[in-house]
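Residue numbers (our numbering): 1 to 189.
C-beta atoms are modelled at their ideal positions from N, C-alpha and C, and glycine is treated no differently.
Being a predicted model, the structure only gives us computed values, none of them experimental.
A short write-up of the structure that comes next.
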Amino acid sequence: STAEIKAESDVCCTSANGVEVAASLSEKEVIFVPDRNLAAYVARHTDKKIIPWNGYCYVHDQFTPAEVEAARARHPRAEVLVHPECRPEVIDLADFVYSTSGMGRHARSSAAGEFVIGTETGMIHRLKKDNPGKEFYPLSRNAICQNMKKTNLSLILQALQTLEPRVSVQEETAVRAKRAIERMLAVRI
Numbered sequence: 001s002t003a004e005i006k007a008e009s010d011v012c013c014t015s016a017n018g019v020e021v022a023a024s025l026s027e028k029e030v031i032f033v034p035d036r037n038l039a040a041y042v043a044r045h046t047d048k049k050i051i052p053w054n055g056y057c058y059v060h061d062q063f064t065p066a067e068v069e070a071a072r073a074r075h076p077r078a079e080v081l082v083h084p085e086c087r088p089e090v091i092d093l094a095d096f097v098y099s100t101s102g103m104g105r106h107a108r109s110s111a112a113g114e115f116v117i118g119t120e121t122g123m124i125h126r127l128k129k130d131n132p133g134k135e136f137y138p139l140s141r142n143a144i145c146q147n148m149k150k151t152n153l154s155l156i157l158q159a160l161q162t163l164e165p166r167v168s169v170q171e172e173t174a175v176r177a178k179r180a181i182e183r184m185l186a187v188r189i
C-alpha cells in the first residue's frame, strides 16, 4: 500500500500478523485493503466482520485447486504450503498456510523432506539455500511477480552509489502513515 493509503488507515498489517492485528481491534467491522484473499483468511480466523477491498496479488490469485491436486499427484510425500493471499479454495487444500517467514520456519522444523510452495517462485531459491537436503517445488512455474523482478543487483548498486531515485513523502502523510505502522508494531504476536 502507498504511504497515502497507510495515512488513511487506522493500522497496517502483513500476511504474518494480519489475524493478530485484526483481532486486536476493538471495532467489530474492519475495512480491509488491499487484498481480498488475505481479508478472507483474516475473516476466517477472527470474529470480526471483514469488509474486503476487491484487490489482490495476481500471483497468488492465479493458483487453482486443480494445481494443488496436480502437485500432490506429482509429489505425494510433499507438504503443501501456501500464503494467505491465495484464494480460499486453494487454502482449503493446503497442509499449512504461512507468511514468507512462516514458510521458512516450517521448512526448517518439519520432518518432511519435500514441500510444494504456493507463492512467488523466487521463494524456492531461498528455501533451498536455507534447507539443504530438502526438496522444494513451485505450486506453479508461472508464479512470477513481474513487479518483484524489476529490482536487480545492478539497480540496487546504482541506487546505493547515486542515492537515486529519491523517494519523498509529504510530512503530514509520513506522520499519519507512521502512526498506522506503529500501531501494527505494537500488536504482540
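**Report entry** Where the beta strand (DSSP E) containing residue 80 begins and where it ends
**Finding:** 79-82
**Report entry** Residues that DSSP places opposite residue 49 in a beta bridge
**Finding:** 29
Query raised in the report: By how many angstroms is the C-alpha of residue 118 removed from the C-alpha of residue 127?
Result: 13 Å
Report task. Quick one: measure Cβ to Cβ for residue 116 and residue 71, integer angstroms, because I've assumed they're closer than 8 Å. Result -> In this structure residue 116 is in contact with residue 71, their Cβ atoms being roughly 4 Å apart against a cut-off of 8 Å.
Query raised in the report: Taking C-beta to C-beta, are residue 7 and residue 112 nearer than 7 Å?
Result: In this structure, residue 112 does not lie closer than 7 Å to residue 7 by Cβ.
Requested in this report: Kindly indicate which three-state DSSP category residue 164 falls into: helix, strand or coil?
Outcome: In the structure shown, residue 164 sits in coil (DSSP, three-state: anything other than H, G, I, E or B).
Query raised in the report: Which one of 43, 83, 149 has the shortest CA to CA distance from residue 138?
Result: 83
Query raised in the report: Is DSSP giving residue 65 helix, strand or coil here?
Result: helix
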